[in-house]
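Q: Line order of the protein sequences matches chains A and B. Counting in UniProt numbering, the first sequence runs from 1 upward without gaps. Counting in UniProt numbering, the second sequence runs from 1 upward without gaps.
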Amino acid sequence: MSTHTAGRRIQPRRTTGVPYVLIVPAVVALLLGLGYPLVWQFITAFQDYGLAQQFGKPPEWVGFDNFANLLWDGEFWAVLVRSLVFCIVTAAVTVVIGVLMAVLMNAVGRTVRLILQISMLLAWAMPVAAATTVFIWLFDRRRGVVNYLLDMIPGVDMNRFDWLGHPLTFFLVAMILIVWMSVPFVSFAVYAGLTQISEEVMEAAQIDGANAWQRFRRIIVPMIRPVLSIVLLLQLIWDLRVFAQITLLKDAGSKASDFDLLGTYIYKLGAAANDFGVASAVSIVVLVITIAISWVYVRELIKEDEAQ
Amino acid sequence: MKRKIGALAAATAALVVLAGCSTSGDTTDTGSADGQDITFWLMGGDTPDALRDYLKTEYNKATGGTLTIEQQDWSDALAKLTTALPDADNTPDVTEIGNTWSPTFTTVGAFSDISDMYDELGGSKLLQSFVDVGAVDGKNYAMPYYFGSRYVFYRKDLYAAAGQEVPTTLPQLTEAATALHTDALSGFYLGGEDWRNGVSWIFAYGGDLAKKDGDTWKSSLSDPKTIEGLTALQELYTSASNAPVTESDSTPWVNINTQPNATAPEAATIIAPGWAHWSIGDLAEDPNDSTKTVATWNDDVFGTYVLPGVDGGVAPVFAGGSNIAISAASKNQAGARELMKIIFSDEYQQMLGENGLGPANSDFLSSLGDDQFAKALADSAQGSKLTPAAPGWAAVEGSGLLEEFFGKVNGGGDIASLAAEYDQKIDDIING
Numbered sequence: 001m002s003t004h005t006a007g008r009r010i011q012p013r014r015t016t017g018v019p020y021v022l023i024v025p026a027v028v029a030l031l032l033g034l035g036y037p038l039v040w041q042f043i044t045a046f047q048d049y050g051l052a053q054q055f056g057k058p059p060e061w062v063g064f065d066n067f068a069n070l071l072w073d074g075e076f077w078a079v080l081v082r083s084l085v086f087c088i089v090t091a092a093v094t095v096v097i098g099v100l101m102a103v104l105m106n107a108v109g110r111t112v113r114l115i116l117q118i119s120m121l122l123a124w125a126m127p128v129a130a131a132t133t134v135f136i137w138l139f140d141r142r143r144g145v146v147n148y149l150l151d152m153i154p155g156v157d158m159n160r161f162d163w164l165g166h167p168l169t170f171f172l173v174a175m176i177l178i179v180w181m182s183v184p185f186v187s188f189a190v191y192a193g194l195t196q197i198s199e200e201v202m203e204a205a206q207i208d209g210a211n212a213w214q215r216f217r218r219i220i221v222p223m224i225r226p227v228l229s230i231v232l233l234l235q236l237i238w239d240l241r242v243f244a245q246i247t248l249l250k251d252a253g254s255k256a257s258d259f260d261l262l263g264t265y266i267y268k269l270g271a272a273a274n275d276f277g278v279a280s281a282v283s284i285v286v287l288v289i290t291i292a293i294s295w296v297y298v299r300e301l302i303k304e305d306e307a308q
Numbered sequence: 001m002k003r004k005i006g007a008l009a010a011a012t013a014a015l016v017v018l019a020g021c022s023t024s025g026d027t028t029d030t031g032s033a034d035g036q037d038i039t040f041w042l043m044g045g046d047t048p049d050a051l052r053d054y055l056k057t058e059y060n061k062a063t064g065g066t067l068t069i070e071q072q073d074w075s076d077a078l079a080k081l082t083t084a085l086p087d088a089d090n091t092p093d094v095t096e097i098g099n100t101w102s103p104t105f106t107t108v109g110a111f112s113d114i115s116d117m118y119d120e121l122g123g124s125k126l127l128q129s130f131v132d133v134g135a136v137d138g139k140n141y142a143m144p145y146y147f148g149s150r151y152v153f154y155r156k157d158l159y160a161a162a163g164q165e166v167p168t169t170l171p172q173l174t175e176a177a178t179a180l181h182t183d184a185l186s187g188f189y190l191g192g193e194d195w196r197n198g199v200s201w202i203f204a205y206g207g208d209l210a211k212k213d214g215d216t217w218k219s220s221l222s223d224p225k226t227i228e229g230l231t232a233l234q235e236l237y238t239s240a241s242n243a244p245v246t247e248s249d250s251t252p253w254v255n256i257n258t259q260p261n262a263t264a265p266e267a268a269t270i271i272a273p274g275w276a277h278w279s280i281g282d283l284a285e286d287p288n289d290s291t292k293t294v295a296t297w298n299d300d301v302f303g304t305y306v307l308p309g310v311d312g313g314v315a316p317v318f319a320g321g322s323n324i325a326i327s328a329a330s331k332n333q334a335g336a337r338e339l340m341k342i343i344f345s346d347e348y349q350q351m352l353g354e355n356g357l358g359p360a361n362s363d364f365l366s367s368l369g370d371d372q373f374a375k376a377l378a379d380s381a382q383g384s385k386l387t388p389a390a391p392g393w394a395a396v397e398g399s400g401l402l403e404e405f406f407g408k409v410n411g412g413g414d415i416a417s418l419a420a421e422y423d424q425k426i427d428d429i430i431n432g
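So this is what it looks like as structure tokens:
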């Protein structure tokens, strides 16, 4: 009730329709761009929809059959668990390295910082296909520089080691690639946060005898927490729906399903094996997971907002 | 804003009109081909540039329109065809299609009925097995484009040094390859997931990938003869190939050539489609581009033989090749038909053969020449077999199950239990 009087002062502005009109184009674009595929996907998830339907035959409604089939499909669960683990590990590694880079940028002189920033911008701007191709070359079984260098270490035999031939090393390469491409975003965001921390606070802490780790842990991290959480959320979402890198690495490696993540699994089910119904059902599952992850964070963000 | 709404209305109207078109099924357009600009999808790089240029020029001469050729990658062609063919705005007007995918797309009505052109395009002279996979209920939808079959390339120098003769039976081939094999040299270079080559072993032992039982198809990996073939393949792979288990249909000729800066090749024997012989030989720097190399065939070093059967003779290999069809959703049916006439013209059929691609029309088989490659192609094509003409076959290929299965077999897995497992997986989708 106490906020009521404060709110009254800005009421006249709220009642005009201008803000609503202004957001109409954005909302319409969003509804058209995202709404149509989303609605189509939702409908298809409850249909038996194959190649014949794609060419005009009316689809048949099957209720929750597509979802029920998934429940008993070991391959689906394997892909789901693999994707979640991959997404969490990759996002965590990205954020840790990103923060370290940001701290480094904050600590070094202007010239070094500029070099760091430019090189990271280049990595960030690199098209996915180009970066993935270079990584495929780096880790090539025969001519890859990684095997060449590792092989020079005495006692290490990496000659002809097939990085893309085993699921574990395949996902390690995929992770290094994705981390390399996403660290710049994290470190720029965190660096921006770091520049907002006032020098006085840090100086005071130093005078009070806090060492570097204590200052980082007790002052810097809490102050940039909002940035950290949003960056981690974005990384989790991006890494869950990673597609292009995995597809290209699979083209250079194996076609087997042991190397699939949710993105390539859905694509294979739908576009290549013509089972659009089940593919849509899996997409809905991914959507639900994404919303669930986001929900936790959004609620926390709102809470923090209210607390301030 | 007004202009935007206008555009939106126009777009909606267009959508309604187009949707109307695509559901009406056969859009036999009676218009003329004059000035129609059409798009032709080619799969992979098998069709040489000279042939592409010929088609463009001839099409322009015949209609005044422009022919755009777009090359699709084999690996994602299935997905692209599935999404583009039903869409009148994005469909290629004419497309090349893997012969094994023809039944799937023909059954669902992706292509225009061109039965009335059958005689004009070559009629009974056309390669029958390829015509059959493109026909439904006696009507012709997809026609043969070219055929190729796979035969063996080997290093004469390495065979001689190891005292190995050209094998005449399949077990002898395994023996010779095993004898040639070292850590640095594959006696027979074959990728573990390479089912398109590996399937020849199944065929050679009288097995099949799937069989038709009444109206339904059933995967027959567990068939005793299929298992025999897979066992022989597993033995060859594990005892003679250094290729990764995860390698599928690739470019094995890089292994049989002695690469620049290398002293020896990495394979003594490979199996590849006939046109691969253009890429095999002594390597030298390309005079036009110093970053590339050109291969010159050297009869003293390289040789060919046909994959031998289990008890001699010729093993039935996988009949490679493509079909060609007009998209039912195409708005340029007349232009598309014009292109078909050019492709099946005497000149073009002759050019296909001269470039090592088996021409669709048997009158032009002689255009392949009479060198060892033409002979090996003709011999290996004799007994060649197609994959099952099941409605869901394209989905089976698209799902990657065969790569996975062959990879696991060659990785040393238990064949009987793997066969049972993948029979079940394939049965789920093979009937469409």
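Glycine included, every Cβ here is placed at the ideal spot set by N, Cα and C. What you are looking at is a predicted structure, and each value in this text was computed from that prediction instead of being measured.
Shortest alpha-carbon distance to Val-288/A belongs to which of Ile-230/A, Ala-210/A, Thr-16/A and Leu-38/A?
A: Looking at the Cα atoms, Leu-38/A is the closest of the given residues.
Q: Check for me: the alpha helix (DSSP H) holding Ala-110/B runs from which residue to which?
A: Counting along the chain, Ala-110/B falls outside any alpha helix (DSSP H), and DSSP gives it neither H nor E.
Q: Here's a check: name, in chain order, each residue in its chain whose Cβ is nearer than 7 Å to the Cβ of Gly-400/B, leaving out the five neighbours to either side.
A: Closer than 7 Å at the Cβ level, and outside the excluded window around Gly-400/B, lies no residue.
Q: Compile a chain-ordered list of the residues in the segment 254-281 of chain B whose CB is closer than 9 Å to at least one CB of chain A.
A: Under the 9 Å Cβ criterion, the segment 254-281 of chain B contributes Glu-266.
Q: Excluding the five sequence neighbours on either side, which residues of its own chain have a C-beta within less than 6 Å of the C-beta of Lys-139/B, listed in chain order?
A: So the list reads Asp-113 and Ser-115, once near-sequence residues are dropped.
Q: How many Å lie between Arg-113/A and Gly-44/B at the Cα?
A: Roughly 47 Å between the two C-alpha positions.
Q: Helix, strand or coil, according to DSSP, for Met-126/A in the structure here?
A: Met-126/A: coil per DSSP, three-state reduction.
Q: Taking Ala-360/B as the reference, which of Glu-421/B, Thr-304/B and Pro-144/B has the closest Cα?
A: Checking every option, the nearest Cα to that of Ala-360/B belongs to Pro-144/B.
Q: If you pair each beta-carbon of the segment 320-338 of chain B with each one of the segment 48-57 of chain B, do three or more pairs fall below 8 Å?
A: The segment 320-338 of chain B is not in contact with the segment 48-57 of chain B.
Q: For Gly-281/B, which option in Glu-397/B, Glu-266/B, Val-294/B and Pro-86/B has the closest C-alpha, if you only look at C-alpha atoms?
A: The residue with the shortest Cα to Cα distance from Gly-281/B is Val-294/B.
Q: What is the rounded straight-line gap between the Cα of Asp-194/B and the Cα of Asp-239/A?
A: Each residue's alpha carbon lies about 31 Å from the other.
Q: Under 7 Å between beta-carbons, which chain A residues line up against Thr-82/B? List them in chain order, please.
A: Within chain A, the residues near Thr-82/B are Leu-51, Gln-54, Ala-271 and Asn-274.
Q: Drop a sphere of 10 angstroms on the beta-carbon of Asp-249/B, count the other beta-carbons inside from all chains shown, and report buried for 16 or more, exposed for fewer.
A: Buried, since its Cβ has 16 or more Cβ neighbours within 10 Å.
Q: List in chain order: all unbroken alpha helix (DSSP H) runs of 4+ residues lying wholly within the segment 53-122 of chain A.
A: Here the runs fully enclosed are 65-71 and 74-107.
Q: Look up Leu-42/B in the DSSP assignment and say whether it is helix, strand or coil.
A: Strand.
Q: CA-CA distance, Leu-45/A and Ala-52/A?
A: Per the sequence shown, residue 45/A should be read as Ala rather than Leu. About 16 Å.
Q: Listing by chain order, which chain B residues have their CB less than 8 Å from the CB of Leu-164/A?
A: Those within 8 Å of Leu-164/A in chain B are Thr-246.
Q: Look at the alpha carbon of Ile-224/A and the alpha carbon of Phe-67/A, and state the distance between them as a whole number of angstroms.
A: Straight-line Cα distance between these residues: approximately 41 Å.
Q: Give the single residue among Gly-109/A, Ile-178/A and Met-152/A whose Cα lies nearest to the Cα of Val-89/A.
A: Here the closest residue by C-alpha is Ile-178/A.
Q: So which residues on chain B does Ser-257/A lean against when the C-beta distance must stay under 9 Å?
A: By Cβ distance, chain B contributes Ser-399, Gly-400, Leu-401 and Glu-404.
Q: Measuring only the C-alpha atoms, how far is Phe-302/B from Ser-83/A?
A: Cα-Cα distance, rounded: 47 Å.
Q: Skipping 5 residues on each side, what residues in its chain have a beta carbon closer than 7 Å to that of Gly-144/A?
A: So the qualifying residues of the chain are Trp-137 and Leu-138.
Q: Excluding the five sequence neighbours on either side, which residues of its own chain have a C-beta within less than 8 Å of the C-beta of Gln-206/A, listed in chain order?
A: Closer than 8 Å at Cβ, skipping near neighbours: Arg-215.
Q: Taking 7 Å as the limit between beta carbons, can you name the residues of its chain near Gly-392/B, skipping five residues before and five after?
A: Hits under 7 Å: Thr-104, Ile-429, Ile-430, Asn-431 and Gly-432.
Q: My understanding is that Ile-326/B touches Ala-336/B, with C-beta atoms under 8 Å, so please give their C-beta distance in whole angstroms.
A: That pair is a contact at about 4 Å.
Q: Do Leu-307/B and Tyr-159/B come within 8 Å of each other at the CB atom, strictly closer than that value?
A: No, the pair does not count as a contact, with Cβ atoms beyond the cut-off.
Q: Under 7 Å Cβ to Cβ from Ala-272/B, same chain only, skipping five residues before and after it: list those, please.
A: Result list for Ala-272/B: Arg-150, Phe-153, Pro-252 and Trp-253, in chain order.
Q: Please classify Thr-168/B as buried or exposed, where buried requires at least 16 neighbouring CB atoms within 10 angstroms.
A: Thr-168/B should be labelled exposed.
Q: Assess, as a yes-or-no matter, whether the segment 210-227 of chain B is touched by the segment 360-371 of chain B under the definition of 3 or more beta carbon pairs within less than 8 Å.
A: With the cut-off at 8 Å, the segment 360-371 of chain B and the segment 210-227 of chain B do not touch.
Q: Classify Val-396/B as helix, strand or coil using the three-state DSSP reduction.
A: In the structure shown, Val-396/B sits in a helix (DSSP, three-state: H, G or I).
Q: Under three-state DSSP, which class holds Ile-271/B?
A: Correct three-state label for Ile-271/B: strand.
Q: Does the CB of Arg-215/A have a neighbour CB from chain B at under 8 Å?
A: False, the Cβ-Cβ gap to chain B never drops below 8 Å.
Q: Consider the Cβ of Ile-429/B: report whether some Cβ of chain A lies at a distance smaller than 8 Å.
A: Yes, Ile-429/B counts as interfacial toward chain A.
Q: Alpha carbon to alpha carbon, how far is Asn-274/A from Tyr-422/B? Give it in angstroms, no decimals.
A: For Tyr-422/B and Asn-274/A, the distance between alpha carbons rounds to 18 Å.
Q: Do Lys-268/A and Phe-259/A have their beta-carbon atoms positioned less than 8 Å apart in this structure?
A: Contact flag unset, no.
Q: So, does the segment 184-194 of chain B touch the segment 395-410 of chain B, judging by three or more C-beta pairs under 8 Å?
A: The segment 184-194 of chain B, when compared against the segment 395-410 of chain B, does touch it at the 8 Å Cβ threshold.
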